[in-house]
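Just so you know, the sequences run in chain order V, B, X and G. Numbered per the working numbering, the first sequence spans residues 19 to 236. Numbered per the working numbering, the second sequence spans residues 19 to 236. Numbered per the working numbering, the third sequence spans residues 215 to 433. Numbered per the working numbering, the fourth sequence spans residues 215 to 433. Below is one structure, written out as structure tokens, with a few remarks after it.
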Amino acid sequence: MTDGVKARIAARAALELRPGEVVNLGIGIPNLIPGFLGPETSVVLHTENGLLGVGPRPGDGELDPDLIDAAKQPITALPGAAYFDSATSFAMIRGGHVDVAVLGALEVSGDGDIANWAVPGKDVLGVGGAMDLVVGARRVIVTMTSTSSRGEPKVVERCTYPLTAAGAVDVVVTELSVFRRIDGVLHLTELLDAATVEDVAVVTTAPFVVALEESHVG
Amino acid sequence: MTDGVKARIAARAALELRPGEVVNLGIGIPNLIPGFLGPETSVVLHTENGLLGVGPRPGDGELDPDLIDAAKQPITALPGAAYFDSATSFAMIRGGHVDVAVLGALEVSGDGDIANWAVPGKDVLGVGGAMDLVVGARRVIVTMTSTSSRGEPKVVERCTYPLTAAGAVDVVVTELSVFRRIDGVLHLTELLDAATVEDVAVVTTAPFVVALEESHVG
Amino acid sequence: MTASTAISAEEAVGRIRTGDTVMVGGFGLVGAPLTLIDALVEASDATDLTIVSNNIGEPGRGLGKLLRQGRIRRGISSYFTSNPEAVAAVNAGELDARLVPQGTFAEAIRAGGAGIGGFFTPVGAGTLLAEGKEERVIDGIPHVLEEPIRADVSLVYAARADELGNLWYRRTARNFNPLMATAASLTIAEAGEIVPVGDLEPESVVTPHLYVDIVVASR
Amino acid sequence: MTASTAISAEEAVGRIRTGDTVMVGGFGLVGAPLTLIDALVEASDATDLTIVSNNIGEPGRGLGKLLRQGRIRRGISSYFTSNPEAVAAVNAGELDARLVPQGTFAEAIRAGGAGIGGFFTPVGAGTLLAEGKEERVIDGIPHVLEEPIRADVSLVYAARADELGNLWYRRTARNFNPLMATAASLTIAEAGEIVPVGDLEPESVVTPHLYVDIVVASR
Chain V
19 MTDGVKARIA ARAALELRPG EVVNLGIGIP NLIPGFLGPE TSVVLHTENG LLGVGPRPGD
79 GELDPDLIDA AKQPITALPG AAYFDSATSF AMIRGGHVDV AVLGALEVSG DGDIANWAVP
139 GKDVLGVGGA MDLVVGARRV IVTMTSTSSR GEPKVVERCT YPLTAAGAVD VVVTELSVFR
199 RIDGVLHLTE LLDAATVEDV AVVTTAPFVV ALEESHVG
Chain B
19 MTDGVKARIA ARAALELRPG EVVNLGIGIP NLIPGFLGPE TSVVLHTENG LLGVGPRPGD
79 GELDPDLIDA AKQPITALPG AAYFDSATSF AMIRGGHVDV AVLGALEVSG DGDIANWAVP
139 GKDVLGVGGA MDLVVGARRV IVTMTSTSSR GEPKVVERCT YPLTAAGAVD VVVTELSVFR
199 RIDGVLHLTE LLDAATVEDV AVVTTAPFVV ALEESHVG
Chain X
215 MTASTAISAE EAVGRIRTGD TVMVGGFGLV GAPLTLIDAL VEASDATDLT IVSNNIGEPG
275 RGLGKLLRQG RIRRGISSYF TSNPEAVAAV NAGELDARLV PQGTFAEAIR AGGAGIGGFF
335 TPVGAGTLLA EGKEERVIDG IPHVLEEPIR ADVSLVYAAR ADELGNLWYR RTARNFNPLM
395 ATAASLTIAE AGEIVPVGDL EPESVVTPHL YVDIVVASR
Chain G
215 MTASTAISAE EAVGRIRTGD TVMVGGFGLV GAPLTLIDAL VEASDATDLT IVSNNIGEPG
275 RGLGKLLRQG RIRRGISSYF TSNPEAVAAV NAGELDARLV PQGTFAEAIR AGGAGIGGFF
335 TPVGAGTLLA EGKEERVIDG IPHVLEEPIR ADVSLVYAAR ADELGNLWYR RTARNFNPLM
395 ATAASLTIAE AGEIVPVGDL EPESVVTPHL YVDIVVASR
């Protein structure tokens, strides 16, 4: 996956976020989203290690060893920020107070099941906050490429990797398209970057309804 | 019950508190205890409405409408105090972080059962923090007169009033004596104010072992 | 979401509907959102309310006003006794009272806001207040299963709010307010003072703004 | 009780015994009590330890040092993966790993300190991490029952402590520290700075001193 592909997915996912929403961004493509929100955005970023009001990456003179995000990268805090402990942070998540979680995935099924933490046969030794976020956030947006590095579909009929949660995903943004789960059914609602329905169907094993809306990009 | 009797019970109960302990005081006789601790005491008072480090009653110019104890009376806060919300306050209590609760009772049984919140046939509409305190505090000290206003024993074989908790009481201080539960058995350990074992036995229907220690008072 | 600071107390409590469950902060009248309660009393006709509050005010004060209007059908509290008129209403069959130990009351509201489906506590086991509740012995100690408490609307009081809706509480006026702010579909905060964004120290914010929908200044 | 400030880091960690369960604060190395960990590595021979910490340090840093000494028998964490040597130790059968979702991990420690006997959470239901746990459908949503987590000793880090043991945390170095301070039989706090009683604002104290047994200054 090239940086250009990642950036295009992040740019499209950024359009899903509404003014004033509280959003938690996962590692990888989601972490590129702030670059597409603009400096005047009213979207508020939450990081599960204990901060509401995440600001941009620090400049050289601004580095603070006590200020990191959940990816353990240095960050800044915006005016109006608040710090809290981890139980409080996950109470926010599990209690439905975080509006949106954007995260990557290994697989998403047509039923909204998501697998994004463990690969069978490999070590299953890190889950972090993934399960809490996909269960708790009001809207779950997955950003990922349409196929794995081995070319296998990632929007699948049934997840083969261990689940993070069942029925949790609302929106999937890939380099080819946007899928939305509407009344429990997967809908292809937008084609990106000149992709065709056929292009999407070839790399998607989940059944889906084609219901194209007006495009948001380009 | 005269004020002199109340004060003598409070004075004796104050001797049960050890330096540095965190203590929650109930309404009535327990609230007289600070007067017997002395200004240099290291005992720290907790009030369940959200303060550790309760100070003396305020003088006329010190009254603060935002600063009350659980009896809704005005208080002050000492240097080193901390405020917290009610869930945190009761997490302290239930989690065993409050060393001692001192409270009044209608009845205490030889098994350490306590009834101090409800009278059958009357309204059962106020429990407050009583159940949390007797279950959670590491040591529960009951201060009360040996008999009710109608002359009925209050240290009883079996509580007749609705229980606050079972097996919770460690020490009972009345105007006549000190009882301690040791290995689950009620022991008469001290006679107060020239009372005799006979005086105590007459107003006590709970079975008890006589095991007098050296007196702490007088 | 971030909070709105642009509407009046009357408009804010206008969001309360007949039949709603409403949480109201405060320990007695300390930390109670008196401006919002007054607006509810004077400018709303929502009735048949379930009130979740540690007390039902005092006679003719705070929630005691709403009680006199006969608009409270049910109360969930740890201490009705502080308002003799609430006790009288229960005895007259006009108020349905659910009494909860104070620590369980606080913890159940926290659970309601924190997405916890229920919790076991040793408090109340074996007493009248455990009747009808699932009991379980854990490590030799009897526990009862308590359900989370949630509401349609929470009315809370904070000494200071910033324009985003972050809240800071003063002294013992904190009490149930931060818990109730988390446990309702709509949280309306009354603030003694509304300060610009950035004026509250980020480490000292007790209720981050994502819990607060509307901020109204105290009158 | 109020805390003692008169003993050294080495004496403090000397209270840890072979076979103990020890909680260690920090998210990665941020907010980790590095002075106390170093004292445990250098001046204690307690072994066969169960470590409760979000991560098992990094290779040769923080708890990673204790891991290299072979003194950790069991880890309870949400993310072992941040230390490849911990992963290798698990695969070699030298470290017994219990993986817990991070929010459940935090909540279970809070429950341990708060006298809660267990709680139902929707997180993890239907996944590998729910295996062996009681499941229950509440309001149509599958939940799992999680047990509280407690320890013999907690090692936490705070930017500031006062001489009574009240603690204040800076920025995201707060993380698991305030929770762990509540959930052990003995809580040892490392403080960046120890200030006189009265210097911390009472509304800003995050860990009141009744949770803290010993305070040691960072080196």
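All residues carry an ideal CB built from backbone N, CA and C; glycine is no exception.
Own chain residues within Cβ distance below 6 angstroms of residue i, not counting five before or after
i, result
"X/N389", "F241, G245"
"V/G236", "Confidence in V/G236 is poor, its pLDDT being 47 and thus under 50, which makes the residue's placement unreliable; the coordinate value appears in the next sentence. Same-chain partners within the cutoff: there are none."
"G/T235", "T264, A365, D366"
"G/V430", "A223, A226, E404"
"X/A253", "A223, E224, V227"
"B/L204", "G128, F197, A224, F226"
Among the options, the one whose alpha carbon lies nearest that of residue i
i, options, result
"B/F76", "B/I86, B/R112, B/L69", "It is Pro, not Phe, that sits at residue 76 of chain B in the sequence shown. Among B/I86, B/R112, B/L69, the Cα nearest to that of B/P76 belongs to B/I86."
"X/S292", "X/V409, X/A220, X/A320", "X/A320"
"V/G73", "V/V116, V/R198, V/I93", "V/I93"
"B/D150", "B/P57, B/S107, B/R176", "B/S107"
"B/P37", "G/A395, G/G331, G/T216", "G/T216"
"V/N49", "V/A88, V/F197, V/D131, V/L69", "V/A88"
"G/G329", "X/K279, X/H357, X/L248", "X/H357"
"G/R288", "G/I408, G/I270, G/S296", "G/I270"
"X/I408", "X/L309, X/P315, X/W382", "X/W382"
"V/A136", "V/D211, V/A95, V/T178, V/E170", "V/T178"
"V/L43", "V/T161, V/A184, V/A213", "V/T161"
Within-8 angstroms CB hit, residue i to chain X
i, result
"B/L69", "yes"
"V/Y179", "no"
"B/V145", "yes"
"V/P171", "no"
"V/G154", "yes"
"V/G22", "no"
"B/R112", "yes"
"V/A100", "yes"
"B/L81", "no"
"V/A148", "no"
Interface flag, residue i vs chain G, CB-CB below 8 angstroms
i, result
"B/S60", "yes"
"V/G236", "Because V/G236 carries a pLDDT of 47, less than 50, the predicted location of this residue cannot be relied on, and the following value inherits that uncertainty. Chain G, which has no Cβ nearer than 8 angstroms to the Cβ of V/G236, makes this no."
"B/H115", "yes"
"V/D84", "yes"
Contacts around residue i, its chain only, beta-carbon distance under 7 angstroms, and the 5 residues preceding and following it disregarded
i, result
"X/R384", "A373"
"G/V397", "A small fix is needed here, since residue 397 of chain G is Ala in this sequence, not Val. Once the five neighbours on either side are set aside, the close Cβ partners of G/A397 are M237, I323, G326, G327, I363, R364, A365, S368."
"G/V255", "K279, L280, Q283"
Contact with chain V by residue i, beta-carbon distance below 8 angstroms
i, result
"G/Q283", "no"
"G/T249", "no"
"G/A320", "yes"
"X/D376", "yes"
"X/T219", "no"
"G/V304", "yes"
Chain B contact for residue i (CB, 8 angstroms cutoff)
i, result
"G/G239", "no"
"X/A372", "no"
"X/A311", "yes"
"X/V266", "no"
"G/T295", "no"
Cβ neighbours of residue i in the same chain (closer than 8 angstroms, five flanking residues each side left out)
i, result
"V/E175", "S127, G128, T223, A224, P225"
"G/L359", "G332, F333, F334, K347, E348, E349, R350"
Near the ligand SAH: residue i beta-carbon under 7 angstroms from a heavy atom
i, result
"B/A219", "Among the ligands in the structure shown, none appear at all, so the ligand SAH cannot be discussed."
Q.
If the cut-off is 7 angstroms on Cβ atoms, which residues from the segment 380 to 405 of chain X count as contacting chain V, listed in chain order?
A. N380, T396
Short-range partners of chain G found in the segment 411 to 423 of chain X, where Cβ spacing is below 9 angstroms
E415, P416, E417, S418, V420
So, does the segment 220 to 231 of chain B touch the segment 218 to 238 of chain X, judging by three or more C-beta pairs under 8 angstroms? no
Short-range partners of chain G found in the segment 38 to 59 of chain B, where Cβ spacing is below 7 angstroms: Taking 7 angstroms as the Cβ-Cβ cut-off against chain G, the residues of the segment 38 to 59 of chain B that qualify are G38, E39, V40.
Handout entry: chain B contacts made by the segment 326 to 339 of chain X, where a contact means CB separation under 9 angstroms
Key = Within the segment 326 to 339 of chain X, those residues whose Cβ lies closer than 9 angstroms to any Cβ of chain B are, in chain order, T335, P336, V337, G338, A339.
### Residues from the segment 340 to 359 of chain X in contact with chain G, defined by Cβ distance under 7 angstroms
I352, H357
task: Count the C-beta pairs between the segment 99 to 106 of chain B and the segment 419 to 428 of chain G that are closer than 8 angstroms, then say yes if the count reaches three, no if not.
output: yes
Check whether the segment 154 to 169 of chain V touches the segment 105 to 120 of chain V, taking contact to mean three or more Cβ pairs, one atom from each stretch, closer than 8 angstroms.
-> yes
**OP:** Would you list, in chain order, the members of the segment 181 to 195 of chain V that have their beta-carbon closer than 8 angstroms to a beta-carbon of chain X?
**Re:** Residues passing the 8 angstroms Cβ filter: none.
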